[in-house]
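Asker: First the structure, then my questions, so here it is.
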Amino acid sequence: MSRRRPRDPQGRPFSRRAPEVTLSESTFEPQRGQGDTLGESHVAYANGGQSSVGNVPSGHVTILFATETGASEEVANALGKAIDQNGLTSRVMDMADADISELGETEIALFVASTTGDGDAPYAAESFFAALGAAEAGSLGHLRYAVLALGDSTYEHFCAAGRRLDTSLAALGAKRILDRIDCDIDYEEPAAEWRAAILQAILQKPVALQDALGPSGPAAARREKYRLIEGVVVDSRVLTGPGSSKATRHLALELPELADAAYEPGDALGVIVENDPALVDAVLEAGGLDAKAIVTLKGESLPLDEALRLYLDIAAVTPRFLEAWGATSHNDMLAGVALAPDAGERTALMRNHHIVDIMRRYPAAPLDAQIFVEMLRPLQPRLYSIASSLKASPRQVHLTIAPVSYSLWGEQRRGVATGQLCERTPIGSRLQVYVHSNAHFRLPAAGVPIIMIGAGTGVAPYLGFLQERAAQGDGGRAWLFFGERNRATDFLYEEELNAFLRSGVLTRLDTAFSRDETNKVYVQHRLLEQTGELCRWIAEGAHIFVCGDAANMAPDVHRALLSVIQTGMGLTGSAAETFLGTLQSEGRYQRDVY
Ligand SMILES: Cc1cc2nc3c(=O)[nH]c(=O)nc-3n(C[C@H](O)[C@H](O)[C@H](O)COP(=O)(O)OP(=O)(O)OC[C@H]3O[C@@H](n4cnc5c(N)ncnc54)[C@H](O)[C@@H]3O)c2cc1C
Ligand SMILES: Cc1cc2nc3c(=O)[nH]c(=O)nc-3n(C[C@H](O)[C@H](O)[C@H](O)COP(=O)(O)O)c2cc1C
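Printed below as a string of structure tokens:
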């Protein structure tokens with residue numbers, strides 16, 4: 009165990025040395041590395057099943073979460089509740105609001121962290137991750153910890169942020185209580201098992217969780233997890249003009265049960281989606297499966313075709329599916345790729361095939377319906393930024409939806425949700441939805457200037473911001489940078505935005521239509537052109553928002569902002585990074601990208 013005083017990245021000692029736990033270091037060595045874990049839903053004890061921590065002298069456990077869309081926060085809160093119910097006290101903190109000096113104050117820290125972007129830490133937690141990465145080796149020798157990583161196994165860098173966190177903590181001398189668990193999007197069960205194992209390790213006795221038994225049936229499980237309300241589609245229209253390469257759609261829902269303060273601008277709407285019945289038929293045919301065979305999901309029996317249409321993801325290929333289908337079809341290549349350490353090869357195979365393609369290309373003898381459903385992940389709701397304000401449209405939610413459509417294996421493929429919402433949801437349709445709060449994307453106080461940057465559907469939350477400010481009579485300045493392909497066909501919400509300009513709610517509107525010019529111009533180029541003026545707005549306290557594409561736009565805009573700050577404020581590159589990092593930790597640089 010390290011005897012050195014813990015230090016923060018600036019070399020300052022943490023405020024207090026935590027009490028030392030008198031257990032030998034080897035007690036905490038993990039049984040095996042977790043580097044290649046693929047979302048296993050079991051909990052491995054670090055010390056072969058014995059309790060790891062003798063006692064917790066202070067009776068206090070710190071729980072830190074890093075989240076982009078709220079799941080890690082929910083898991084962290086459930087863990088905190090379970091710890092409190094078992095006679096200890098917990099403090100649950102968002103890494104976005106925490107300083108790593110908190111770790112100098114605690115004996116046991118439990119981390120729940122998701123991954124976003126392309127293997128990145130959740131944006132609001134970046135400073136915490138960076139500070140850990142820069143802290144002095146051995147400075148957390150007093151700390152016992154465990155990490156639960158949330159991710160999606162279809163991504164190449166599965167649970168990468170949780171893995172990095174685990175590695176950083178170990179490098180700083182902290183000792184694992186349990187091996188890290190990497191969870192796929194169906195994280196509920198492994199997270200509950202991890203919770204029980206953590207408590208057992210801390211309390212040194214078997215623990216029965218009060219909420220261990222979930223509701224019966226997939227529909228009840230959804231109702232338990234999300235506060236579902238019913239919405240009726242009252243408007244559905246294509247925003248783009250004839251000849252556009254896109255058919256971006258405006259959808260308005262009337263939600264009679266929506267309370268007056270049910271959402272704030274910046275929040276998203278979660279939509280419960282259904283698979284296309286034609287895809288269900290194709291999967292049944294490819295597997296030689298009986299549509300009416302009875303299967304069991306979460307303790308409830310239902311016909312296979314209903315299970316496939318409503319509750320299971322039958323499009324995205326996962327490592328779990330590849331492995332299972334490889335075994336079923338006796339195809340060693342599939343099973344090999346599923347388990348290979350080279351995530352690149354696996355990701356390429358998963359990207360180029362849907363489940364039905366794997367079933368068709370690598371046929372298996374007709375299989376048992378229950379075995380098949382157990383190869384699949386639950387169908388997830390989809391999130392859409394809310395493009396309205398309750399003050400302007402009471403009991404309504406507006407969405408801006410870009411259809412996903414592409415050709416694969418000679419067939420036109422549609423996104424699960426966008427296929428449904430854009431093609432099979434006429435006015436009058438009913439949808440199950442829930443409000444998804446987004447505390448990291450919020451309008452500042454009245455009068456504070458805002459700089460909004462978005463491309464395509466990234467404009468959606470800004471309509472909510474502007475409607476809210478108009479309804480409140482807020483005279484704060486607002487500057488929008490909007491990008492799309494062609495002005496003539498793709499200027500989403502042109503009329504509404506021009507009306508906001510005329511009324512003064514929107515102070516400036518700078519557009520970038522990439523396909524109207526020989527040299528493609530994107531929002532990041534417009535930012536660079538406005539270096540001086542942007543720096544004046546920032547100096548006057550402006551908050552910066554970025555919404556839309558995570559893969560290209562957000563990193564390009566981030567680089568452009570660094571350049572604006574560096575040039576406009578005469579800073580070095582690293583000083584510009586520190587400046588933008590400070591804006592981010594102060595909540596003045598907020599990103600909602602997907
Ligand atoms: C916080 C948040 C806010 C969001 N807000 C919005 C919003 O306001 N508007 C909006 O439109 N979306 C928004 N999204 C995205 C939205 O949730 C869905 O992910 C999106 O609509 C696609 O869903 P889908 O079910 O139609 O597609 P899916 O069925 O999930 O298909 C998408 C997948 O198709 C595959 N794919 C796509 N193109 C190709 C190709 N050319 N070749 C091979 N495979 C391909 C990729 O694997 C991709 O992941 C948001 C997401 C988040 C997390
Ligand atoms: C835009 C976006 C990017 C993502 N990138 C990754 C990734 O690179 N690796 C991964 O394992 N999961 C990735 N995920 C999946 C999330 O980590 C997963 O859904 C997780 O449960 C979200 O937890 P949170 O709500 O706490 O953020 C991504 C999700 C989104 C929406």
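Residues in the sequence shown are numbered consecutively from 9, following my numbering. Glycine is no exception: its CB is placed at the ideal position from the N, C-alpha and C atoms.
Could you pull the start and end residues of the alpha helix (DSSP H) that Ser582 belongs to?
Answerer: Note, Ser582: alpha helix (DSSP H), Gly581 to Ser593.
Asker: Leu111 lies in the alpha helix (DSSP H); which residues open and close that run?
Answerer: Counting along the chain, Leu111 falls outside any alpha helix (DSSP H), and DSSP gives it neither H nor E.
Asker: Can you list the alpha helix (DSSP H) stretches of 4 or more residues lying completely in the stretch 292-337, in chain order?
Answerer: Qualifying alpha helix (DSSP H) stretches, in chain order: 312-318 and 327-336.
Asker: From Thr336, Arg495, Ala79 and Glu331, pick the residue whose C-alpha is nearest to that of Gly344; which is it?
Answerer: With distances taken between Cα atoms, Gly344 lies closest to Glu331.
Asker: What number of angstroms, rounded off, separates the C-alpha of Lys399 from the C-alpha of Gly436?
Answerer: Whole-angstrom Cα-Cα distance: 23 Å.
Asker: Which residue comes first and which comes last in the alpha helix (DSSP H) that contains Gln4?
Answerer: The question about residue 4 has no answer here: the residues shown for the chain are numbered 9 through 602.
Asker: To the nearest angstrom, report how far apart Pro226 and Arg450 are at their CA atoms.
Answerer: If you take the alpha carbons of Pro226 and Arg450, they lie about 33 Å apart.
Asker: Please state if the CB of Ala86 and the CB of Arg235 are separated by a distance shorter than 9 Å.
Answerer: The answer is no: Cβ separation not under 9 Å.
Asker: Below 9 Å between beta carbons: does that hold for Val443 and Ile280?
Answerer: No; because the gap between Cβ atoms is not below 9 Å, this pair is not in contact.
Asker: Give me whichever residues DSSP pairs with Arg152 in a beta bridge.
Answerer: DSSP lists Ile116 and Lys183 as partners of Arg152.
Asker: Whose beta carbon lies closer than 5 Å to any heavy atom of ligand 2, going through the chain in order?
Answerer: Counting every residue whose Cβ lies closer than 5 Å to a heavy atom of ligand 2, we get Thr75, Glu76, Thr77, Gly78, Ala79, Ser80, Ser122, Thr123, Thr124, Gly127, Leu158, Gly159, Asp160, Tyr163, His165, Phe166, Cys167, Ala558 and Tyr602.
Asker: Hey, would you say Val531 sits closer than 9 Å to Phe490, going by beta carbons?
Answerer: Cβ distance < 9 Å, so Val531 and Phe490 count as in contact.
Asker: Taking just the CA atoms, how far does Thr590 sit from Gln598?
Answerer: In a straight line, the C-alpha of Gln598 is about 12 Å away from that of Thr590.
Asker: For Cys555, which beta-bridge partners are listed by DSSP?
Answerer: BP columns for Cys555 point to Gly462 and Asp600.
Asker: Taking the alpha carbon of Ala496 as the point to measure from, which residue in Asp160, Ala346 and Thr248 has its own alpha carbon closest?
Answerer: Out of Asp160, Ala346 and Thr248, Thr248 has the C-alpha closest to the C-alpha of Ala496.
Asker: Let's test the definition: count the other Cβ atoms within 10 Å of the Cβ of Asp268 and tell me whether it reaches 16, buried, or not, exposed.
Answerer: Looking at its Cβ environment, which holds fewer than 16 other Cβ atoms inside 10 Å, Asp268 is exposed.
Asker: Give every residue of the same chain whose Cβ lies closer than 6 Å to the Cβ of Gly239, excluding the five residues on either side of it in the sequence, and list them in chain order.
Answerer: Excluding residues within five positions, the ones whose Cβ falls inside 6 Å are Leu261, Leu263, Leu439 and Val441.
Asker: Looking at ligand 1, does it come within less than 8 Å of His606, judged from the CB to the closest heavy atom?
Answerer: Nothing about residue 606 can be read from this structure; the chain reaches only from 9 to 602.
Asker: I need the boundaries of the alpha helix (DSSP H) containing Leu569, first residue and last residue.
Answerer: Its alpha helix (DSSP H) spans residues Met561 to Met577.
Asker: For Leu588, which residues in the same chain have their Cβ closer than 7 Å to its Cβ, ignoring the five residues on either side in sequence?
Answerer: Cβ within range, chain order: Leu569, Leu570, Ile573 and Tyr597.
Asker: Report yes if the CB atom of Val69 is closer than 9 Å to the CB atom of Leu140, and no otherwise.
Answerer: No. Outside cutoff.
Asker: Below 8 Å on the Cβ atoms is my contact criterion, and I expect Thr256 with Thr77 to pass it. Report the Cβ-Cβ distance as a whole number of Å.
Answerer: Thr256 to Thr77, Cβ: 22 Å. No contact.
Asker: Just the C-alpha distance for Ala547 and Val288, rounded to the nearest angstrom, thanks.
Answerer: Looking at the two C-alpha atoms, the distance is approximately 55 Å.
Asker: Taking the CB atoms as reference points, tell me whether Ile116 and Tyr153 lie closer together than 9 Å.
Answerer: It is a contact, given that the beta carbons lie within the stated cut-off.
Asker: Helix, strand or coil for His448? Go by DSSP, reduced to three states.
Answerer: It is coil, neither helix nor strand.
Asker: Quick test of your reading: Val100 and Leu158, contact by CB under 8 Å. State the CB separation rounded to the nearest angstrom.
Answerer: Their Cβ separation, rounded to whole angstroms, is 15 Å, which puts Val100 and Leu158 out of contact at 8 Å.
Asker: Return helix, strand or coil for Glu262, following the three-state DSSP convention.
Answerer: Looking at Glu262 - three-state DSSP - the assignment turns out to be strand.
Asker: Thinking C-alpha only, which one of Leu151, Ala169 and Val405 is nearest Ala138?
Answerer: The residue with the shortest Cα to Cα distance from Ala138 is Ala169.
Asker: From the DSSP output, in three-state form, read off Gln378 for me.
Answerer: The answer is helix: DSSP assigns Gln378 an H, G or I state.
Asker: At a cut-off of 8 Å, is Leu391 close to ligand 1 when judged by its beta-carbon and the heavy atoms of the ligand?
Answerer: Correct: Leu391 has its Cβ closer than 8 Å to ligand 1.
Asker: Return the CA-CA distance between Ala133 and Ala205, expressed in angstroms with no decimal places.
Answerer: Answer to the nearest angstrom: the Cα atoms are 26 Å apart.
Asker: How many Å lie between Val215 and Gln208 at the Cα?
Answerer: C-alpha separation (whole angstroms): 6 Å.
Asker: State the DSSP-derived secondary structure class of Leu31, mapped to helix, strand or coil.
Answerer: Caution is warranted here: a pLDDT of 24 is assigned to Leu31, below 50, making its placement in the model unreliable, and no coordinate value can be reported.
Asker: What are the residues that DSSP puts in a beta bridge with Leu72?
Answerer: DSSP output for Leu72 lists Met101 and Phe119 as bridge partner(s).
Asker: According to DSSP, what are the bridge partners of Glu419?
Answerer: Glu419 pairs with Leu416.
Asker: What residue ranges within the stretch 421-445 form continuous alpha helix (DSSP H) runs of no fewer than 4 residues, ordered along the chain?
Answerer: Entirely contained in the stretch 421-445, the alpha helix (DSSP H) runs reaching 4 residues are, in chain order, 424-431.
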